[in-house]
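Taking the working numbering, the leading residue of the sequence shown gets 14, the next gets one more, and so forth.
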Amino acid sequence: MKRCFPKNDDAPFLTKYHDHEWGKLNLNENYLYEMMVLESFQSGLSWQLVLDKRENFRQAFAGFNVERVAKFTSNQRKQLLKNRGIIRNQRKIDAAINNARVMTKMHREGHQLCTVLTTLIPQPIVNHPQQFTDIPTQNRLSRNLAKEFKEIGFQFMGPVTTYSFLEAVGLINDHIEDCPFKYTTT
14 MKRCFPKNDD APFLTKYHDH EWGKLNLNEN YLYEMMVLES FQSGLSWQLV
64 LDKRENFRQA FAGFNVERVA KFTSNQRKQL LKNRGIIRNQ RKIDAAINNA
114 RVMTKMHREG HQLCTVLTTL IPQPIVNHPQ QFTDIPTQNR LSRNLAKEFK
164 EIGFQFMGPV TTYSFLEAVG LINDHIEDCP FKYTTT
(Lines of atoms letter the chains of each structure in order from A and count residues from 1; the text may use other names and numbers.)
(Lines give C-alpha, C1' and ligand atoms only; values in the text may rest on other atoms or scores of the structure.)
Protein backbone atom coordinates (compact mmCIF):
# COMPACT_ATOMS: atom_id res chain seq x y z
CA MET A 1 0.00 0.00 0.00
CA LYS A 2 1.49 3.31 -1.07
CA ARG A 3 1.10 6.16 1.42
CA CYS A 4 2.27 9.76 1.17
CA PHE A 5 5.15 8.70 3.37
CA PRO A 6 6.14 5.13 4.21
CA LYS A 7 4.44 3.35 7.08
CA ASN A 8 6.78 3.34 10.01
CA ASP A 9 6.16 0.82 12.79
CA ASP A 10 8.27 3.03 15.05
CA ALA A 11 5.85 5.92 14.45
CA PRO A 12 2.35 4.47 14.91
CA PHE A 13 0.81 7.86 15.80
CA LEU A 14 2.12 9.33 12.56
CA THR A 15 0.66 6.51 10.46
CA LYS A 16 -2.69 6.70 12.25
CA TYR A 17 -2.77 10.49 11.82
CA HIS A 18 -1.96 10.20 8.10
CA ASP A 19 -4.56 7.52 7.46
CA HIS A 20 -7.46 8.92 9.50
CA GLU A 21 -7.02 12.66 10.09
CA TRP A 22 -4.70 14.46 7.69
CA GLY A 23 -6.71 15.97 4.86
CA LYS A 24 -10.04 14.83 6.39
CA LEU A 25 -12.49 17.66 6.95
CA ASN A 26 -13.13 18.35 10.64
CA LEU A 27 -14.33 21.83 11.56
CA ASN A 28 -15.27 21.19 15.19
CA GLU A 29 -14.11 24.26 17.15
CA ASN A 30 -12.18 22.25 19.76
CA TYR A 31 -10.52 20.19 17.01
CA LEU A 32 -9.59 23.40 15.20
CA TYR A 33 -8.03 24.63 18.43
CA GLU A 34 -6.23 21.32 18.96
CA MET A 35 -4.70 21.45 15.50
CA MET A 36 -3.79 25.11 15.94
CA VAL A 37 -1.97 24.23 19.16
CA LEU A 38 -0.22 21.16 17.78
CA GLU A 39 0.78 22.84 14.51
CA SER A 40 2.19 25.86 16.32
CA PHE A 41 4.17 23.64 18.69
CA GLN A 42 5.48 21.70 15.69
CA SER A 43 7.02 24.84 14.19
CA GLY A 44 10.72 24.10 13.81
CA LEU A 45 10.35 20.51 15.06
CA SER A 46 9.18 17.19 13.63
CA TRP A 47 5.49 16.36 13.38
CA GLN A 48 6.25 12.89 14.70
CA LEU A 49 7.63 14.41 17.92
CA VAL A 50 4.42 16.41 18.40
CA LEU A 51 2.16 13.45 17.69
CA ASP A 52 4.14 11.29 20.12
CA LYS A 53 3.32 13.92 22.79
CA ARG A 54 -0.28 14.53 21.68
CA GLU A 55 -1.91 12.83 24.66
CA ASN A 56 0.35 14.78 27.01
CA PHE A 57 -0.71 17.98 25.23
CA ARG A 58 -4.35 16.91 25.53
CA GLN A 59 -3.99 16.51 29.29
CA ALA A 60 -1.95 19.69 29.73
CA PHE A 61 -4.39 21.79 27.68
CA ALA A 62 -7.63 20.60 29.31
CA GLY A 63 -8.62 18.23 26.51
CA PHE A 64 -8.18 21.13 24.07
CA ASN A 65 -11.31 22.68 25.50
CA VAL A 66 -11.06 26.27 24.28
CA GLU A 67 -13.18 27.74 27.07
CA ARG A 68 -11.16 26.04 29.81
CA VAL A 69 -7.75 26.95 28.35
CA ALA A 70 -8.86 30.57 27.91
CA LYS A 71 -9.26 30.70 31.71
CA PHE A 72 -5.77 29.40 32.48
CA THR A 73 -4.11 31.37 35.26
CA SER A 74 -0.48 32.41 35.53
CA ASN A 75 0.03 29.43 37.89
CA GLN A 76 -1.32 27.02 35.26
CA ARG A 77 0.97 28.65 32.69
CA LYS A 78 3.93 28.09 35.02
CA GLN A 79 2.91 24.44 35.38
CA LEU A 80 2.90 24.08 31.59
CA LEU A 81 6.45 25.45 31.47
CA LYS A 82 7.49 22.70 33.91
CA ASN A 83 5.57 19.90 32.16
CA ARG A 84 8.16 17.49 30.71
CA GLY A 85 5.45 15.70 28.71
CA ILE A 86 4.97 18.61 26.31
CA ILE A 87 7.28 20.92 24.40
CA ARG A 88 8.19 23.58 26.94
CA ASN A 89 8.53 26.65 24.80
CA GLN A 90 7.32 29.79 26.57
CA ARG A 91 6.30 31.63 23.38
CA LYS A 92 4.33 28.64 22.10
CA ILE A 93 2.64 28.07 25.45
CA ASP A 94 1.70 31.75 25.66
CA ALA A 95 0.38 31.60 22.08
CA ALA A 96 -1.74 28.54 22.86
CA ILE A 97 -3.37 30.30 25.81
CA ASN A 98 -3.76 33.54 23.84
CA ASN A 99 -5.33 31.71 20.90
CA ALA A 100 -7.88 30.06 23.20
CA ARG A 101 -8.76 33.49 24.54
CA VAL A 102 -9.12 34.85 21.00
CA MET A 103 -11.43 31.99 20.04
CA THR A 104 -13.47 32.43 23.23
CA LYS A 105 -13.85 36.14 22.46
CA MET A 106 -14.98 35.24 18.93
CA HIS A 107 -17.55 32.83 20.38
CA ARG A 108 -18.87 35.47 22.79
CA GLU A 109 -19.29 37.83 19.84
CA GLY A 110 -21.25 35.18 17.94
CA HIS A 111 -18.46 34.11 15.59
CA GLN A 112 -16.82 30.75 15.01
CA LEU A 113 -13.38 30.00 13.63
CA CYS A 114 -14.94 27.42 11.30
CA THR A 115 -17.04 30.20 9.74
CA VAL A 116 -13.97 32.37 9.16
CA LEU A 117 -12.27 29.42 7.49
CA THR A 118 -15.21 28.32 5.33
CA THR A 119 -15.86 31.87 4.21
CA LEU A 120 -12.38 31.87 2.70
CA ILE A 121 -12.45 28.20 1.67
CA PRO A 122 -16.08 27.20 1.01
CA GLN A 123 -15.08 23.74 -0.27
CA PRO A 124 -11.97 21.74 0.62
CA ILE A 125 -9.14 22.19 -1.85
CA VAL A 126 -7.94 18.91 -3.29
CA ASN A 127 -4.46 19.11 -4.76
CA HIS A 128 -2.94 16.36 -6.88
CA PRO A 129 0.73 15.96 -5.97
CA GLN A 130 2.43 12.97 -7.55
CA GLN A 131 4.96 12.55 -4.73
CA PHE A 132 5.36 13.87 -1.22
CA THR A 133 8.08 16.33 -2.26
CA ASP A 134 5.54 18.03 -4.58
CA ILE A 135 3.45 19.18 -1.61
CA PRO A 136 3.91 22.90 -0.93
CA THR A 137 4.62 24.30 2.51
CA GLN A 138 2.65 27.47 1.91
CA ASN A 139 0.71 29.32 -0.77
CA ARG A 140 -1.02 32.64 -1.37
CA LEU A 141 -4.08 31.45 0.54
CA SER A 142 -2.05 30.53 3.64
CA ARG A 143 -0.18 33.85 3.48
CA ASN A 144 -3.46 35.78 3.30
CA LEU A 145 -5.05 33.70 6.06
CA ALA A 146 -1.95 34.13 8.26
CA LYS A 147 -2.38 37.91 7.90
CA GLU A 148 -6.05 37.62 8.82
CA PHE A 149 -5.19 35.41 11.80
CA LYS A 150 -2.72 38.04 12.98
CA GLU A 151 -5.37 40.78 12.65
CA ILE A 152 -7.83 38.68 14.66
CA GLY A 153 -5.17 38.30 17.36
CA PHE A 154 -3.94 34.73 16.87
CA GLN A 155 -0.25 34.16 17.56
CA PHE A 156 2.32 31.78 16.10
CA MET A 157 0.28 31.20 12.93
CA GLY A 158 2.58 32.24 10.09
CA PRO A 159 2.03 31.14 6.47
CA VAL A 160 3.76 27.74 6.82
CA THR A 161 2.02 26.86 10.09
CA THR A 162 -1.28 28.07 8.65
CA TYR A 163 -0.84 25.89 5.56
CA SER A 164 -0.13 22.84 7.75
CA PHE A 165 -3.15 23.74 9.88
CA LEU A 166 -5.38 23.82 6.77
CA GLU A 167 -4.08 20.38 5.78
CA ALA A 168 -4.62 19.10 9.32
CA VAL A 169 -8.28 20.14 9.44
CA GLY A 170 -9.01 18.94 5.90
CA LEU A 171 -9.51 22.26 4.16
CA ILE A 172 -6.55 21.28 1.98
CA ASN A 173 -6.08 17.68 0.90
CA ASP A 174 -2.48 17.16 -0.18
CA HIS A 175 -2.39 13.36 -0.15
CA ILE A 176 -0.39 12.15 -3.12
CA GLU A 177 -2.54 10.99 -5.99
CA ASP A 178 -1.80 7.26 -5.48
CA CYS A 179 -2.43 7.30 -1.71
CA PRO A 180 -5.35 5.03 -0.81
CA PHE A 181 -6.35 7.47 1.93
CA LYS A 182 -6.71 10.48 -0.38
CA TYR A 183 -10.48 10.25 -0.80
CA THR A 184 -11.52 8.46 2.39
CA THR A 185 -13.48 10.44 4.94
CA THR A 186 -12.23 8.74 8.12
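No residue lacks a Cβ here, since even glycine has one placed at the ideal position from N, Cα and C. Model, not experiment: these values are computed from the prediction.
Extent of the continuous alpha helix (DSSP H) to which residue i belongs
| i | result |
| --- | --- |
| residue 82 | 79-83 |
| residue 73 | 67-73 |
| residue 49 | 42-55 |
| residue 191 | Residue 191 -> no alpha helix (DSSP H), and no H or E assigned at all. |
| residue 22 | First-last for residue 22: undefined, no H or E at that position. |
| residue 87 | 87-95 |
| residue 155 | 153-165 |
| residue 107 | 103-121 |
| residue 126 | 126-133 |
Sheet register partners of residue i (DSSP bridge)
| i | result |
| --- | --- |
| residue 185 | 138 |
Inter-residue CB distance, residue i and residue j (contact presumed, cutoff 8 Å)
| i | j | result |
| --- | --- | --- |
| residue 137 | residue 183 | 6 Å |
| residue 169 | residue 56 | 7 Å |
| residue 110 | residue 82 | 6 Å |
| residue 175 | residue 158 | 5 Å |
| residue 173 | residue 150 | 5 Å |
| residue 189 | residue 143 | 6 Å |
| residue 16 | residue 192 | 6 Å |
Residues of its chain near residue i, where Cβ-Cβ distance is below 6 Å and the 5 sequence neighbours each way are ignored
| i | result |
| --- | --- |
| residue 47 | 77 |
| residue 139 | 186 |
| residue 27 | 61 and 64 |
| residue 96 | 73 |
Contact set for residue i: own chain, Cβ-Cβ below 7 Å, skip 5 residues either direction
| i | result |
| --- | --- |
| residue 35 | 180 and 181 |
| residue 45 | 126, 127 and 182 |
| residue 21 | 27 and 28 |
| residue 79 | 42, 43, 46, 113, 116 and 117 |
| residue 103 | 94 |
| residue 39 | 182 and 183 |
| residue 108 | 53, 168 and 169 |
| residue 24 | 61 |
Burial state of residue i, where buried means 16 or more other Cβ atoms lie within 10 Å
| i | result |
| --- | --- |
| residue 54 | buried |
| residue 164 | exposed |
| residue 84 | exposed |
| residue 41 | exposed |
| residue 141 | exposed |
| residue 52 | buried |
| residue 66 | buried |
| residue 124 | exposed |
| residue 74 | buried |
| residue 18 | exposed |
| residue 87 | exposed |
| residue 177 | buried |
| residue 155 | buried |
Sequence-distant residues of the same chain with beta carbon closer than 8 Å to residue i, five excluded per side
| i | result |
| --- | --- |
| residue 199 | 33 and 37 |
| residue 31 | 16, 17, 18 and 194 |
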